[in-house]
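For the sequence shown, the working numbering gives the first residue as 7, with consecutive numbering after it. A short worksheet on the structure shown next.
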Amino acid sequence: MSNPDFSNDLICENLSVLDDTLYFAGQNTKSLAEKYGTPLYLYDEDRIRKLCRIYVSAVKEAFGDKGHILYASKAASFKRMYEIVKEENMGIDVVSGGEIATAKKADFPLNKAFFHSNNKTDSDIKYAIENGVGFFVVDSLDELYAIDSIAKSLNKKPNVILRITPGIDPHTYEEVATGKVDSKFGSAIETGQAKEITGLALNLENIILKGFHCHVGSQVFDSSVYIATVYVMMAFIKEMKDAFGFEAEILDLGGGYGVKYTARDPEIDIYANVLEVCNCVKDEAQKLSLALPELYFEPGRSIVADAGLTLYTMGALKKITGYKNYISVDGGMTDNPRYVLYGAEYTIVPPTMMSAPRDMVCDLVGRCCESGDIIQEKINMPSTLKRGDLIACLTTGAYHYSMASNYNRIPRPPVVMLKGGESYVAVKRETLEDITNLDV
Ligand code: LLP
7 MSNPDFSNDL ICENLSVLDD TLYFAGQNTK SLAEKYGTPL YLYDEDRIRK LCRIYVSAVK
67 EAFGDKGHIL YASKAASFKR MYEIVKEENM GIDVVSGGEI ATAKKADFPL NKAFFHSNNK
127 TDSDIKYAIE NGVGFFVVDS LDELYAIDSI AKSLNKKPNV ILRITPGIDP HTYEEVATGK
187 VDSKFGSAIE TGQAKEITGL ALNLENIILK GFHCHVGSQV FDSSVYIATV YVMMAFIKEM
247 KDAFGFEAEI LDLGGGYGVK YTARDPEIDI YANVLEVCNC VKDEAQKLSL ALPELYFEPG
307 RSIVADAGLT LYTMGALKKI TGYKNYISVD GGMTDNPRYV LYGAEYTIVP PTMMSAPRDM
367 VCDLVGRCCE SGDIIQEKIN MPSTLKRGDL IACLTTGAYH YSMASNYNRI PRPPVVMLKG
427 GESYVAVKRE TLEDITNLDV
């Protein structure tokens with residue numbers, strides 16, 4: 007008998023099959039489901055650290071002390087993640103008081119935090135200043151004035167970088183394409199508003215303008231997108247130097263590198279890509295006679311996505327004769343809203359019968375009271391799967407736990423970390439008590 011071909015399943019180096027069972031980070035997924043229950047978010051700590059180190063070593067090779075990596079914590083925000091990132095000597099991107107509070111709980115040095123968001127509330131701004139958040143990434147004029155005035159009332163002078171819209175199409179799905187001129191984020195170069203906000207920021211007394219930020223999109227595979235962004239941003243830095251005598255000390259190029267959700271997705275060589283972008287910044291600085299800025303990248307997805315996997319237990323198999331088949335699981339859009347939102351593709355496998363023929367086409371659906379509660383459509387699964395069997399959804403480390411909801415008052419799954427053959431709970435499973443305890 008020929009060996010079964012798992013090449014479409016084993017899309018990351020941390021996946022393997024032994025005795026027909028899926029192993030993740032070298033651990034038996036069936037045993038983990040038995041130990042922690044389902045639905046269950048698993049994270050491979052070694053994989054997270056490996057990716058952090060790839061980013062940090064690439065930026066340090068090219069830029070030395072002037073190269074920095076910020077983890078975009080919106081991808082997966084919980085205390086343990088901030089501890090890991092702190093240990094890996096990285097900074098963070100945060101977008102709300104909640105993310106700042108979580109980082110604080112991890113004793114993260116908040117002077118290495120960059121506060122994003124297109125609409126920071128007054129209380130978030132105050133909270134960030136009071137807690138010593140290092141940099142505000144300012145999205146609009148209104149926000150710039152709000153930060154200046156709150157800083158004045160607190161007798162502080164926070165560092166600011168301005169989010170600029172470079173007018174670059176990142177060739178990704180619409181919901182995450184943010185570099186285009188009509189984006190809700192940032193101030194566009196094309197309309198003159200980027201120059202206007204720079205001039206105004208330089209005249210404010212209670213902030214210190216340090217430089218510029220941009221983020222063109224997410225799940226981007228085309229490296230030429232980043233090179234085009236560097237040309238535009240470096241030209242903008244030069245234009246601001248000529249116009250105002252202001253030379254940016256900081257250039258933050260955002261995040262966005264894509265990851266493999268299915269065997270059809272390409273694999274990005276992060277190290278080579280980061281080096282290429284860094285070298286382009288150096289070349290442009292030389293050509294335009296600019297000092298080398300402190301250079302920042304802000305990856306989120308590519309640090310955590312394939313370090314994550316979700317385990318579900320199957321409920322009903324419903325065969326609607328002549329129409330379609332449904333497999334229901336004990337999770338759904340509450341722990342994975344990405345198919346509903348973006349039609350995101352995933353690799354779904356039966357972790358306890360990896361070599362069984364995948365002879366049934368079906369939709370994988372959740373348990374919410376909502377027809378749209380779909381995790382994936384038209385997947386191939388063994389027709390022998392039955393209630394109580396496990397189902398695994400791969401590459402769920404980014405924008406899953408962080409986007410989970412309590413729709414239908416369904417408790418969120420726990421986050422369990424795997425490291426060196428051991429496992430530990432990083433976030434506990436929500437209980438029915440947790441679900442009800444804010445009701446008065
Ligand atoms: N920096 C900024 C300013 C961002 O807005 C983002 C992502 C990142 C960095 C990190 O991008 P990444 O490396 O993760 O692609 N919920 C969507 C993704 C939204 C991305 C929002 N911003 C999804 O599940 O695909």
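Glycine included, C-beta positions come from ideal geometry on N, C-alpha and C.
Cβ of residue i within 7 Å of any heavy atom in the ligand NAD?
{"i": "Q225", "result": "Summarising the ligand content, the structure contains the ligand LLP and does not contain the ligand NAD."}
Looking at the structure shown, is residue i part of a helix, part of a strand, or coil, going by DSSP?
{"i": "N165", "result": "strand"}
{"i": "G223", "result": "strand"}
{"i": "C18", "result": "coil"}
{"i": "K186", "result": "coil"}
{"i": "N125", "result": "coil"}
{"i": "K80", "result": "helix"}
{"i": "Y348", "result": "helix"}
{"i": "T316", "result": "strand"}
{"i": "Y277", "result": "helix"}
{"i": "V265", "result": "coil"}
{"i": "K392", "result": "coil"}
{"i": "M339", "result": "coil"}
{"i": "T171", "result": "strand"}
{"i": "I326", "result": "strand"}
{"i": "D445", "result": "coil"}
{"i": "M240", "result": "helix"}
{"i": "I156", "result": "helix"}
{"i": "N34", "result": "strand"}
{"i": "S13", "result": "coil"}
Can you check which of these residues, the options, is closest to residue i by C-alpha distance?
{"i": "G426", "options": "A404, R55, H406, E290", "result": "R55"}
{"i": "I251", "options": "G328, T204, V62", "result": "Before going on, a small fix: residue 251 reads as Gly here, not Ile. Residue T204 is the option with its Cα nearest to G251."}
{"i": "A112", "options": "L370, R53, S79", "result": "S79"}
{"i": "V222", "options": "L150, T390, S159, G264", "result": "G264"}
{"i": "S295", "options": "L301, V287, Y302", "result": "V287"}
{"i": "N331", "options": "S308, I385, Y47", "result": "I385"}
{"i": "V310", "options": "N34, L57, T44", "result": "L57"}
{"i": "M320", "options": "K392, A362, Y348", "result": "K392"}
{"i": "C374", "options": "A269, N412, L208", "result": "N412"}
{"i": "T108", "options": "N125, M87, P164, T127", "result": "M87"}
{"i": "Y352", "options": "D50, V100, V238, Q382", "result": "Q382"}
{"i": "T178", "options": "T35, E105, V65, G262", "result": "G262"}
{"i": "S361", "options": "S13, C18, D26, E19", "result": "D26"}
{"i": "E67", "options": "V421, G328, C220, N279", "result": "N279"}
{"i": "D369", "options": "S389, P363, P417", "result": "S389"}
{"i": "V367", "options": "I167, L208, M387, N342", "result": "M387"}
{"i": "H74", "options": "S123, G192, E300, A39", "result": "E300"}
List the DSSP bridge partners of residue i.
{"i": "Q292", "result": "None; Q292 has no bridge partner."}
{"i": "L215", "result": "V166"}
{"i": "F191", "result": "DSSP lists no partner for F191."}
{"i": "S334", "result": "V371"}
{"i": "V100", "result": "F121"}
{"i": "D258", "result": "H219, Y302"}
{"i": "G73", "result": "L301"}
{"i": "E447", "result": "Look at the range of the chain in this structure, 7 to 446, and you will see that residue 447 is not part of it."}
{"i": "E428", "result": "K425"}
{"i": "F142", "result": "F121, V166"}
{"i": "T27", "result": "L24"}
{"i": "L150", "result": "None, per the DSSP bridge assignment."}
{"i": "F354", "result": "Checking the sequence shown, residue 354 turns out to be Ile, not Phe. C399."}
{"i": "Y47", "result": "T316, V421"}
{"i": "V283", "result": "None, per the DSSP bridge assignment."}
{"i": "M366", "result": "M387"}
{"i": "V433", "result": "V421"}
Determine the extent of the beta strand (DSSP E) in which residue i is found, giving its start and end residues.
{"i": "C399", "result": "396-400"}
{"i": "I60", "result": "Looking at the DSSP string, I60 is not in any beta strand (DSSP E); the run it does join, the alpha helix (DSSP H), is 51-69."}
For the alpha helix (DSSP H) that residue i lies in, which residues bound it at each end?
{"i": "N209", "result": "199-209"}
{"i": "E376", "result": "Element bounds for E376: n/a, residue is neither H nor E."}
{"i": "K85", "result": "85-93"}
{"i": "R307", "result": "307-310"}
Near residue i, which residues of its chain fall below 7 Å by C-beta distance, leaving aside the five closest residues on each side in sequence?
{"i": "F227", "result": "G264, P272, I274"}
{"i": "K118", "result": "G97, I98, G140"}
{"i": "D336", "result": "T44, P45, Y318, T319, G321, R373"}
{"i": "V421", "result": "Y47, Y49, F84, Y407, A432, V433"}
{"i": "D440", "result": "P417"}
Grab me the residues of residue i's own chain with a C-beta within less than 6 Å of its C-beta, minus the 5 sequence neighbours each way, in chain order.
{"i": "K162", "result": "I135"}
{"i": "D154", "result": "L210, N212, I213"}
{"i": "Y232", "result": "V283"}
{"i": "V238", "result": "P172"}
With a CB to CB cut of under 8 Å and the five nearest residues on each side skipped, what residues in its chain are close to residue i?
{"i": "L16", "result": "S22, V23"}
Please decide whether residue i counts as near chain D, where near means a Cβ-Cβ distance under 8 Å.
{"i": "K247", "result": "Any reference to chain D falls outside this structure, which holds one protein chain only."}
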